[in-house]
Amino acid sequence: MIRIFAATPFYLQGVGALAHVGAVAARHGRKPGLIIDARVRPLVGDAIRASFAVPPREVAFAGEVTDGNIALLSQEMAGCEVIIGVGGGKALDAAKGVALRIGSPFLSVPTIASNDGPASRGIAIYDDTHQLVRVDQLPSNPVAVIVDSAIIARAPPHFLRAGIGDAIAKTFEAQACARTATRTKQGTTATHAALAIADAAYRLLRTHAEAALASVNRGEHSEALEATIEACILLSALGFENGGLSIAHSVTRGLLRLDGAKERLHGEHVAYGVLVQLVVERRPNATLVEMAAFLTRIGLPISLADLGVRAVTPELIETTAAVILSSPHVRATDRHLTQGDIAAAIRFVETLPARAPRAPESGVTYVISHGAGWTPPRVCPTPGARSG
């Protein structure tokens, strides 16, 4: 069976990494085009410009990633031989869209670590009301990803927190895809490398995420932060593009329909989705409670109320479950799922806030696996019911 693994060919991370942007870009074209997030331009613009021997053509971006805006930016970047995107998700996706449209290589310079988009091929395209229209794909991963960890350290902590929520799901989703022979973005089943990388991201985050967030709260750099950034941006991207997505990311589709929740960051949605996936997979109660306790300690949501949903009704849970079931990723599971299965899982997750504070904060098992002969516990659909 053919299997494919694809990745960015060059990744540079560390304090002062912005000083390398110009030299790396020069390897891919003599006429650079710089699309930079207008909000971070005053913070990083001078350092990036100083790295170029030839000044880049520069445009500040502050809009929505729409087809119209990409077309306008492409006109301004016409003739540029390499496109450099600098900033958060919107600026990077806009720059990716331009690179795709004009046929130039793309170099990614994220200034936050809120998800793994900077190292991936994906381009989220929206309409003017911020409704997702589609996800386009670059023909290959960014030719380079450059991450200045000093910039990440000074970004608001909720961005890194969301990145942790996004990345921590990848091992469970890749495992689900491997068990079910689900095809990844590469069009093949997952490689062993993808599974190992997704697991490495999980291990790094369970070991370092809390210390990393503590350092970001102080506005300081740390080795824990370096490990967490690498897990959130590089390893997470390699894990999902080559390992696949499952229920945790399917849940985001339903949460985007809910008032309160839809305004939250992608990684916050995924963190809640991890809990739903663990319930659907019939993991032991102790595993669920321990995961909920970890998410609580780092400030990620473990309930719909945490996500900003004010009134959680049976009808809301059922309609959300129906939307989740429409996601193609939901098929990456060991059994055929119904709307009722997903609704039952959500109801069970909603009982976790009462249980999570009692979870031990030390001595946890970081690798969740099941030995031979393991039998999944029964998940009861009624709130408060215990499984097993």
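Position one of the sequence shown corresponds to residue 1 (the numbering used here), numbered consecutively onward. All C-beta atoms, glycine included, are put in the ideal place defined by N, C-alpha and C.
query, result
"Please work out which residues of its chain come closer than 8 angstroms, Cβ to Cβ, to Ala-94, disregarding the five sequence neighbours upstream and downstream, and give them in chain order.", "Ile-35, Phe-61, Gly-63, Val-65, Asn-69, Ile-70, Leu-73 and Gly-85"
"Using the three-state DSSP reduction, which class does Ala-7 fall into: helix, strand or coil?", "coil"
"Please report the residue range of the beta strand (DSSP E) in which Ser-108 lies.", "106-110"
"On the three-state DSSP scale, how would you describe Gly-363?", "With a pLDDT of 32 at Gly-363, under the threshold of 50, the predicted position of this residue should be treated as unreliable, and no value is reported."
"Look up Val-309 in the DSSP assignment and say whether it is helix, strand or coil.", "coil"
"Rounded to whole angstroms, what is the Cα-Cα separation between Leu-160 and Leu-213?", "7 angstroms"
"On the three-state DSSP scale, how would you describe Pro-284?", "coil"
"Just mark Ile-302 as buried or exposed, buried being the case when its beta carbon has 16 or more other beta carbons within 10 Å.", "buried"
"How is Pro-157 classed by DSSP in three states: helix, strand or coil?", "helix"
"Once you ignore the five residues that flank Gly-308 on each side, which residues in its own chain have a CB closer than 6 angstroms to its CB?", "Gly-260 and Ala-261"
"In chain order, what residues of the same chain lie with their CB nearer than 6 angstroms to the CB of Val-40, ignoring the 5 residues before and after it?", "Gly-87 and Thr-111"
"Any idea what DSSP makes of Pro-142, helix, strand or coil?", "coil"
"For Gln-13, which beta-bridge partners are listed by DSSP?", "Val-147"
"Using a threshold of 8 angstroms, state whether the C-beta atoms of Ala-25 and Leu-107 are closer than that.", "yes"
"Ignoring anything shorter than 4 residues, give me the alpha helix (DSSP H) runs that lie fully in the stretch 193-249, in order along the chain.", "223-230 and 236-243"
"Return helix, strand or coil for Asp-431, following the three-state DSSP convention.", "The chain is shown only over 1 to 388; residue 431 falls outside these bounds and no answer can be derived."
"With distances taken Cα to Cα, identify the nearest neighbour of Val-133 among Ser-140, Ala-167 and Asp-67.", "Asp-67"
"Can you look up Arg-27 in the DSSP assignment and give me helix, strand or coil?", "coil"
"Label His-370 either buried or exposed according to how many other C-beta atoms from any shown protein chain fall within 10 Å of its C-beta, with 16 as the threshold for buried.", "Reliability of the predicted coordinates at His-370 is poor, the pLDDT of 31 falling under 50, and no value is obtained from them."
"Using the C-alpha atoms, what's the distance from Glu-350 back to Val-279?", "11 angstroms"
"Mark Ile-233 as exposed unless 16 or more other C-beta atoms lie within 10 angstroms of its C-beta, in which case mark it buried.", "buried"
"Does the beta-carbon of Pro-139 have 16 or more other beta-carbons within 10 angstroms, so that it is buried, or is it exposed?", "exposed"
"Look up Gly-45 in the DSSP assignment and give the residues it is bridged to.", "Per DSSP, none; premise fails for Gly-45."
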